[in-house]
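Structure record follows, encoded as structure tokens.
There are 2 protein chains.
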Amino acid sequence: MFRQDAILDLAFQALADPSRRAMVDRLIQGPATVSDLAKPLAMSLPGVMQHLAVLEASGLVVSEKVGRVRTCRIEPKVLSQAEHWIAERRALWERRLDRLGQFLDETKDD
Amino acid sequence: MFRQDAILDLAFQALADPSRRAMVDRLIQGPATVSDLAKPLAMSLPGVMQHLAVLEASGLVVSEKVGRVRTCRIEPKVLSQAEHWIAERRALWERRLDRLGQFLDETKDD
DNA sequence: ACAATACTAAAGCATCTACTTAAGTATTAT
DNA sequence: ATAATACTTAAGTAGATGCTTTAGTATTGT
């Protein structure tokens, strides 16, 4: 559907804001309404709605409205993709350090 | 020194741009000069410098100038912190799913 | 019916971001 | 000494971001 690159743009951008990370933190505990998410944040409800829109656009969160209540929950797939991008690079970095250490060991008797 | 929150703001913000992720990707292979980093990017050198400034401000990259050449390298600590933030939430999410599944199992004979 | 609740839409505004071009400053090569 | 290299600084700009306030619209409780 979307390029991995575009997914990561949106995911990391969404996670770059402390209010949005707080919302994710809350949703990790389980589903919550928009008002639930807004309660701990020092911000107007429309402000929270806009953060929610960013989280939904990134695919990190999905929501559904029943009656007058919108319930939000985490969609962990994108979270995994972001984690995986970083983990992969850390692994490459460490492999490179290993090779470097090995090389230094092998050549230390010159 | 800095609040974890502020570190994550800067780290995720830095990773939210594809040019900057490309620079990180390059630096994972090993140190590189500013020109090295600029080469694959369709962008002016000052543009690259600005991305580099964002990466350095986040602590993801450090650089040192020798003569007229600035050499950049990855500083993996912040990368780990970003990875850890996500991993922790994924773990919590999965533990919650487990508990939920267990609860459903235990009550399925009502 | 009427009020209260839970969002939602629209518009405004001060930054911030991601570039650009133009004009530097050191360093190194010839 | 001169020229080429490798950044660096400054200024400008279009568009995005993170709020706000005001004014809605459904839905639910009394």
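Read top to bottom, the protein sequences are chains A and B. Everything in the first sequence is counted per our numbering, starting at 1452 for the first residue and increasing by one. Everything in the second sequence is counted per our numbering, starting at 1452 for the first residue and increasing by one. Virtual Cβ for every residue (Gly too), placed ideally from N, Cα, C. On a predicted model such as this, the values are computed, not experimentally measured, just so you know.
Collapsing the DSSP output to three states places Lys1516 of chain B in a strand. Contact between Ala1465 of chain B and Val1505 of chain B holds, since their C-beta atoms are separated by about 5 Å, short of 8 Å. In the structure shown, Arg1550 of chain A falls within a helical segment according to DSSP collapsed to helix, strand and coil.
Remark: three or more beta-carbon pairs, one from each stretch, lie closer than 8 Å, so the segment 1497–1516 of chain A and the segment 1466–1477 of chain A are flagged as touching. The straight-line gap separating the alpha-carbon atoms of Leu1555 of chain B and Arg1546 of chain B is approximately 14 Å.
Looking at the backbone, the Cα of Ser1486 of chain B and that of Cys1523 of chain A are separated by about 45 Å. Where Met1452 of chain B is concerned, there is no enclosing alpha helix (DSSP H), because DSSP gives it neither an H nor an E. Residue range Leu1496 to Ser1509 is occupied by the alpha helix (DSSP H) that includes Met1500 of chain B. Proximity of Arg1547 of chain A to chain B, defined by a Cβ-Cβ separation below 9 Å, is satisfied. Pro1469 of chain B and Val1517 of chain A have their C-alpha atoms some 37 Å from each other. Considering only beta carbons, the part of the segment 1525–1539 of chain B lying closer than 8 Å to chain A consists of Ile1525, Pro1527, Leu1530, Ser1531, Ala1533, Glu1534, Trp1536, Ile1537 and Ala1538, in chain order. At least 9 Å separates the CB of Pro1491 of chain A from every CB of chain B. Secondary structure of Ala1542 of chain A (DSSP, three-state): helix. One Cα belongs to Leu1503 of chain A, the other to Val1529 of chain A, and the distance between them is close to 15 Å. DSSP links Arg1471 of chain A through a beta bridge to no other residue.
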